[in-house]
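So the mapping is simple: the numbering used here equals the position in the sequence shown, first residue as 1, plus 29. Glycine included, every Cβ here is placed at the ideal spot set by N, Cα and C.
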Amino acid sequence: MTDPIFYIAPSHVKYRKAADVYPFLEAYIAKKENEIADIEQMVQRYEKRRQAEERAYQSMSSLRRLLSGKKPDHHLAVEYIHYVKKPLEKVRALRQDIEHARRILDSSSPSDVVPVNEEMIEV
30 MTDPIFYIAP
40 SHVKYRKAAD
50 VYPFLEAYIA
60 KKENEIADIE
70 QMVQRYEKRR
80 QAEERAYQSM
90 SSLRRLLSGK
100 KPDHHLAVEY
110 IHYVKKPLEK
120 VRALRQDIEH
130 ARRILDSSSP
140 SDVVPVNEEM
150 IEV
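See the structure below:
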């Protein structure tokens with residue numbers, strides 16, 4: 030009754046022959062590079078919009094600035110985290126995934142057995 034219950038989580042890593050995985054890895058790398066480009070464009074659009082808002086605020090007369098108000102700094106910090114920091118962390122993770130896939134492509138011969146994620150095979 031007091032015996033511990035062991036739970037072994039299902040492994041997401043499978044082992045396949047490198048020759049079977051090569052075509053999927055190339056598609057996987059292309060897909061991840063497209064995701065990175067999309068995220069970087071989103072970050073650039075946010076930074077451009079943010080700069081335009083700041084320029085517009087600075088170009089206002091002092092009376093209009095007083096009446097219009099400005100977003101509090103903590104709101105800007107939360108926006109920065111949401112629109113810049115978190116997406117760039119995701120970009121770093123995607124680049125690590127791409128690097129892992131490229132290492133598999135470069136360092137393995139077609140007859141080797143390599144570890145791959147389910148995500149790499151589903152592409």
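N-terminal and C-terminal residue of the alpha helix (DSSP H) that residue i is part of
i	result
Ser90	Taken as a continuous stretch (DSSP letters only), Ser90 belongs to no alpha helix (DSSP H), as it is neither H nor E.
His103	Asp102 to Tyr109
Given residue i as reference, the closest of the options once Cα atoms are compared
i	options	result
Leu54	Ser138, Ile127, Tyr44 and Lys115	Ile127
Tyr75	Tyr112, Val142 and Gly98	Tyr112
Arg121	Glu64, Ala81 and Lys77	Glu64
Ala66	Lys119, Ala106, Arg78 and Tyr86	Lys119
Val72	Ser140, Arg132 and Lys114	Lys114
Beta-bridge pairing of residue i - partner residues as DSSP gives them
i	result
Pro144	Tyr44
Three-state secondary structure assigned by DSSP to residue i
i	result
Pro116	helix
Ser137	coil
Lys99	coil
Tyr36	With a pLDDT of 48 at Tyr36, under the threshold of 50, the modelled position of that residue is not reliable, and the figure given next carries that caveat. The answer is coil: DSSP assigns Tyr36 none of H, G, I, E or B.
Contact belief for residue i with residue j at Cβ below 8 Å, rounded distance in angstroms
i	j	result
Ile68	Ala130	Contact flag wrong, Cβ pair sits at about 18 Å.
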